[in-house]
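J.:
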Amino acid sequence: MILRDYHLTLRDVSDQQPEYLETVFSLANGHFGVRANDPISGNPITGTLINGFYETAPITYGEGGVGYAQKHQTILNLPDLRHLNVATNTGHRFSESTRTAVDLDLTTGTLDEQYELKTHQGETIQMAVKSVIGQNQTSFWGASYSFVAGNYAGGLLVSKAIAVPAQAEAIPSADPRKTRMAGLPVCETAFINQRLQRYHVKTRTTKQAVTAFLGMLTPNAKLLQQPLDLGDRQAHTLEYEAYVGEVGEQNTIDPAAQFMISSLSALIADSRDFWQGVWHRSEVTVGGNDELNLAIHYNIFQLNQAAGRDGRTNIAAKGLSGSGYEGHYFWDTEMYMLPYFTYTNQPMARQLLYYRYQTLPKARERAREMGVTKGALFAWRTINGEEASAYFPAGTAQYHIDADIAYAVGKYYEITRDLDFILQCGFEMVLETARFWENFGAWHQIGASSRFEFHTVTGPDEYTALVNNNYYTNRLAKHNFELIGYLANEIRQRYPNKLADFGIGPADLEKFQKLADHVYLPYSADLQINEQDDSFLSKPRWPADKSTPENFPLLLHYHPLTIYRYQVAKQADTLLADYLFPEDLSVDQLKREYDYYEGVTTHDSSLSRSIFSILAARMGDPEKAYKYFMDTARMDLVNLQKNTADGLHLANLGGSWLALVAGFSGFYVQDEVVHFANHLPKEISRLTYRMKIAASVLEIDLSADKTFVSVISGPIPTYGVSVNGDLISLAKSSSYEE
Ligand code: BGC
Numbered sequence: 001m002i003l004r005d006y007h008l009t010l011r012d013v014s015d016q017q018p019e020y021l022e023t024v025f026s027l028a029n030g031h032f033g034v035r036a037n038d039p040i041s042g043n044p045i046t047g048t049l050i051n052g053f054y055e056t057a058p059i060t061y062g063e064g065g066v067g068y069a070q071k072h073q074t075i076l077n078l079p080d081l082r083h084l085n086v087a088t089n090t091g092h093r094f095s096e097s098t099r100t101a102v103d104l105d106l107t108t109g110t111l112d113e114q115y116e117l118k119t120h121q122g123e124t125i126q127m128a129v130k131s132v133i134g135q136n137q138t139s140f141w142g143a144s145y146s147f148v149a150g151n152y153a154g155g156l157l158v159s160k161a162i163a164v165p166a167q168a169e170a171i172p173s174a175d176p177r178k179t180r181m182a183g184l185p186v187c188e189t190a191f192i193n194q195r196l197q198r199y200h201v202k203t204r205t206t207k208q209a210v211t212a213f214l215g216m217l218t219p220n221a222k223l224l225q226q227p228l229d230l231g232d233r234q235a236h237t238l239e240y241e242a243y244v245g246e247v248g249e250q251n252t253i254d255p256a257a258q259f260m261i262s263s264l265s266a267l268i269a270d271s272r273d274f275w276q277g278v279w280h281r282s283e284v285t286v287g288g289n290d291e292l293n294l295a296i297h298y299n300i301f302q303l304n305q306a307a308g309r310d311g312r313t314n315i316a317a318k319g320l321s322g323s324g325y326e327g328h329y330f331w332d333t334e335m336y337m338l339p340y341f342t343y344t345n346q347p348m349a350r351q352l353l354y355y356r357y358q359t360l361p362k363a364r365e366r367a368r369e370m371g372v373t374k375g376a377l378f379a380w381r382t383i384n385g386e387e388a389s390a391y392f393p394a395g396t397a398q399y400h401i402d403a404d405i406a407y408a409v410g411k412y413y414e415i416t417r418d419l420d421f422i423l424q425c426g427f428e429m430v431l432e433t434a435r436f437w438e439n440f441g442a443w444h445q446i447g448a449s450s451r452f453e454f455h456t457v458t459g460p461d462e463y464t465a466l467v468n469n470n471y472y473t474n475r476l477a478k479h480n481f482e483l484i485g486y487l488a489n490e491i492r493q494r495y496p497n498k499l500a501d502f503g504i505g506p507a508d509l510e511k512f513q514k515l516a517d518h519v520y521l522p523y524s525a526d527l528q529i530n531e532q533d534d535s536f537l538s539k540p541r542w543p544a545d546k547s548t549p550e551n552f553p554l555l556l557h558y559h560p561l562t563i564y565r566y567q568v569a570k571q572a573d574t575l576l577a578d579y580l581f582p583e584d585l586s587v588d589q590l591k592r593e594y595d596y597y598e599g600v601t602t603h604d605s606s607l608s609r610s611i612f613s614i615l616a617a618r619m620g621d622p623e624k625a626y627k628y629f630m631d632t633a634r635m636d637l638v639n640l641q642k643n644t645a646d647g648l649h650l651a652n653l654g655g656s657w658l659a660l661v662a663g664f665s666g667f668y669v670q671d672e673v674v675h676f677a678n679h680l681p682k683e684i685s686r687l688t689y690r691m692k693i694a695a696s697v698l699e700i701d702l703s704a705d706k707t708f709v710s711v712i713s714g715p716i717p718t719y720g721v722s723v724n725g726d727l728i729s730l731a732k733s734s735s736y737e738e
């Protein structure tokens, strides 16, 4: 495997603000993340985030109400592992530092940085930092710091310790996307010996605990105050490691002895091994554009860094790169990030779905709180499964999360045929969400016919709230009803009596089918497009005089009710349903819908542009597809949303993979046929990528006039493969050329 464009450097990013660089160059492994803080000046809000390690605080409402979410859940910002103090042996501290070069190697996961350090008195030295996070051994992080004389060439004292910051609470902000106040945890630090420090942190309300260790890897060196002499003008290197234990119950302090890794190079080998696996499974090459190639590699890298791998954690909206959105998991996972895992790394996809499954009991309780007598309602935003959305119109009202999760279960099953997962977890999730829709919706009799409707919901577009019959919600709920019938059939074929264990029989399945057939899908006969909801099209458009760039994102400038009065969308909504169900509408209708909704969409949400790119590709507008794709692929590298400092836009990173795969290569699966279509724009001379479907790894290779699909490992697929509308056979040649 020849890997090109796998190095991200300072030159590749548009912004040099410290907080921005901390996010972009953060390292993570699904368990914990280390922001790339300046090791000398640090960051007052610290730099380590542990997936699922959080604190709660009561949500204070001016006027509360029944069923309102009760508690904030906030990921904790823990001390910076990278920090160290450097001083001359005469006591002059190197307090100023300038980051002069950075290189993130996406094939090994190592981060190399160069700094120039300066004392108040003007003495300078150079410092190189190499750091890496364990990817198989996910408790470890390690770093080496090398010092070379500058205009100062004397003795140095280097000391490193986990320092508990005095002020670790987030600063309150009017931006709802930023993190909120969380109670400070209880921290204890102790030196086990001169080379090893223990840090134990306990939360006050969630009763979680983590034990971490900071240790010295350089033989005979001390953590606190190691003398070095730069007089020989050689580089002097000190190596350190940190161990971050699992999130556990309180009163469990792990013993220290076993926590030493052998060397930094062993940790780099561990990380390289993991990344080799990732690139082997999911390498994507975009020919003709190195910048884009690098961007997509970076996005895949960050997706893998962010995803919780243990089935108890998930992917936060900002991953482990920042504390924006409080470390919460949203529908972003199922609809934007999971597809990458579902099609390249099924065990990971299963773990992410399993996380949802273990929140099912809380989802059942939540449905009851919301006055729905049967079924389950998953939390809109959460860490522990409880609803943490303090603003229900753009939170709990997004009931569509239920159908999104069901959809993701269906997609996972469609290509894995993992009936065990369905029997153990998946069926129950799809059944409980279908039951929710059944009991949440209402029949509406119109003359002789009747239809099944869903009232007072918010669809994906958060600029339109509490409406009736949101097309996206209704379409996904319809699919949820259909899916239960499909999965029931799959189970029955293998285990004829098993369905009774789930408390359903033929009459229930008939009822779900009837509901699926009658879900109302709003359509405007005038415009000949699907209607976003019952009232959207009749509202006035967002006023032109409030449309200059400084008014965006609207959510930071207008009261929600002002926004809700208008026909304005934050993100793809009806079009998102069109992308998910390509066979629902003709290309002509898609074009009409696209033109219409594009005109009223602000893309204030980072979840929007990838979908516009996919659909533009599908409807034969490669220029537009490419334009949206560029914004998607490089969103955080160019700080497009201007808030990358708070963390990466993980859903968009997943969306950029989708834009290549579902957009430019037209991938979707329907009725056991895997479809591809060549929609490459002229700016991309070639696109190759891999995906795993059932037991076979396929390689897809597109260029302007050629489309190859080949089986590179595993059996010849038994499912159908269609390229540009023709069913092809991979059986004979194991590859297809258009
Ligand atoms: C979007 C939501 C998304 C959330 C977290 C919001 O701005 O409108 O769709 O789930 O961000 O990424």
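In UniProt numbering, the protein residues as written are 1 to 738. Idealized CB from N, CA, C, for every residue including glycine.
How would you call residue 37, buried or exposed, if buried means at least 16 neighbouring beta carbons within 10 angstroms?
T.: With 16 or more other Cβ atoms within 10 Å, it is buried.
J.: Rounding to the nearest angstrom, what Cα-Cα distance links residue 88 and residue 78 in this structure?
T.: The alpha-carbon atoms of residue 88 and residue 78 are separated by roughly 29 Å.
J.: Look at the Cβ atom of residue 643, then the Cβ atom of residue 610, and state whether they are nearer than 8 Å.
T.: No, the Cβ-Cβ distance between residue 643 and residue 610 is not below 8 Å.
J.: Say whether the stretch 566-575 touches the stretch 600-609, bearing in mind that this needs 3 or more beta-carbon pairs closer than 8 Å, one atom from each stretch.
T.: Judged by Cβ distances under 8 Å, the stretch 566-575 makes contact with the stretch 600-609, as three or more pairs qualify.
J.: Going by DSSP, what residues sit across from residue 71 in a beta bridge?
T.: DSSP lists 58 as partners of residue 71.
J.: Do you know offhand how far residue 813's Cα is from residue 700's?
T.: Given a span of 1 to 738 for the chain in the structure shown, any question on residue 813 remains unanswerable.
J.: Decide yes or no for the touch test of the stretch 537-557 against the stretch 429-449: beta carbon pairs closer than 8 Å, at least 3 of them.
T.: They do not touch, by the three-pair rule.
J.: In chain order, what residues of the same chain lie with their CB nearer than 6 Å to the CB of residue 752, ignoring the 5 residues before and after it?
T.: With the chain covering 1 to 738 only, the question about residue 752 has no answer from this structure.
J.: Per DSSP, what kind of secondary structure is residue 453 in: helix, strand or coil?
T.: Residue state, collapsed to three classes: strand.
J.: Identify whether residue 286 lies in helix, strand or coil by the three-state DSSP scheme.
T.: Note: residue 286 maps to strand in three-state DSSP.
J.: Write down the C-beta distance between residue 377 and residue 390 rounded to the nearest angstrom, noting that I regard them as a contact closer than 8 Å.
T.: Their Cβ separation, rounded to whole angstroms, is 17 Å, which puts residue 377 and residue 390 out of contact at 8 Å.
J.: Please identify the residue among 615, 17, 49 whose C-alpha is closest to the C-alpha of residue 320.
T.: For the residues 615, 17, 49, the minimum Cα distance to residue 320 belongs to 49.
J.: Decide if the stretch 55-65 is in contact with the stretch 329-347; the criterion is three or more beta carbon pairs, one per stretch, under 8 Å apart.
T.: Short answer: they don't touch.
J.: Could you check the C-alpha separation between residue 737 and residue 707 for me, to the nearest Å?
T.: For residue 737, the predicted model reports a pLDDT of 47, less than 50, meaning its position is unreliable and no value from the coordinates is stated.
J.: Should residue 579 go down as buried or exposed, given a rule of 16 or more other Cβ atoms within 10 Å for buried?
T.: Counting Cβ neighbours within 10 Å, residue 579 comes out buried, since at least 16 surround it.
J.: Tell me the DSSP secondary structure of residue 726 in three-state form.
T.: In the structure shown, residue 726 sits in a strand (DSSP, three-state: E or B).
J.: Considering only their Cβ atoms, is the gap separating residue 15 from residue 43 smaller than 8 Å?
T.: Not in contact: residue 43 and residue 15 (Cβ atoms no closer than 8 Å).
J.: Of the choices 53, 187, 237, 302, whose alpha-carbon is the least far from that of residue 158?
T.: It is 237.
J.: Within the same chain, show all residues whose beta-carbon is closer than 7 Å to that of residue 10, passing over the 5 residues directly before and after it, in chain order.
T.: 101, 102, listed in sequence order.
J.: Out of 501, 118, 107, 75, point me to the one whose CA is closest to residue 277's CA.
T.: When each option's Cα is compared against that of residue 277, the closest is 107.
J.: Between the C-alpha atoms of residue 5 and residue 490, what's the straight-line distance to the nearest angstrom?
T.: Whole-angstrom Cα-Cα distance: 44 Å.
J.: I'd like to know if the stretch 625-636 and the stretch 649-668 are in contact, where contact means that at least 3 CB-CB pairs between them fall below 8 Å.
T.: Touching, per the Cβ criterion.
J.: Nearest CA to the CA of residue 27: which residue from 508, 474, 139, 211?
T.: For residue 27, the nearest C-alpha among the options comes from 139.
J.: Can you check whether the CB of residue 532 is closer than 8 Å to the CB of residue 464?
T.: A contact, by the Cβ cut-off of 8 Å.
J.: Collect the residues with a C-beta less than 6 Å away from any heavy atom of ligand 1 and give them in sequence order along the chain.
T.: In chain order, the hits are 317, 325, 330, 331, 332, 460, 462, 570, 571, 605, 607, 651.
J.: From the DSSP secondary-structure annotation, give me the bridge partner or partners of residue 237.
T.: Residue 237 pairs with 146.
J.: Among 142, 245, 33, which residue has its Cα nearest to the Cα of residue 215?
T.: Out of 142, 245, 33, 142 has the C-alpha closest to the C-alpha of residue 215.
J.: Given 8 Å as the limit, is there contact between the stretch 125-132 and the stretch 142-154, that is, 3 or more CB pairs closer than that?
T.: At 8 Å Cβ cutoff, the stretches touch.
J.: Once DSSP output is grouped into helix, strand and coil, what is the label at residue 169?
T.: In this prediction, residue 169 has a pLDDT of 49, which is less than 50 and means its spatial position is unreliable; nothing more can be read from the coordinates.
J.: On the three-state DSSP scale, how would you describe residue 479?
T.: It is helical.
J.: Mapping DSSP to helix, strand and coil, what is residue 427?
T.: Residue state, collapsed to three classes: helix.
J.: Rounded to the nearest angstrom, what separates residue 176 and residue 641 at their Cα positions?
T.: Answer to the nearest angstrom: the Cα atoms are 14 Å apart.
J.: Hey, which unbroken runs of the alpha helix (DSSP H) at 4 residues or more fall wholly within the stretch 486-528?
T.: With a minimum length of 4 residues, the continuous alpha helix (DSSP H) runs that stay inside the stretch 486-528 are 506-518.
J.: Ignore the nearest five residues each way along the sequence and tell me which others in residue 152's own chain have a CB closer than 8 Å to its CB.
T.: Within the same chain, residue 152 has close Cβ partners 88, 119, 123, 124, 125, 230.
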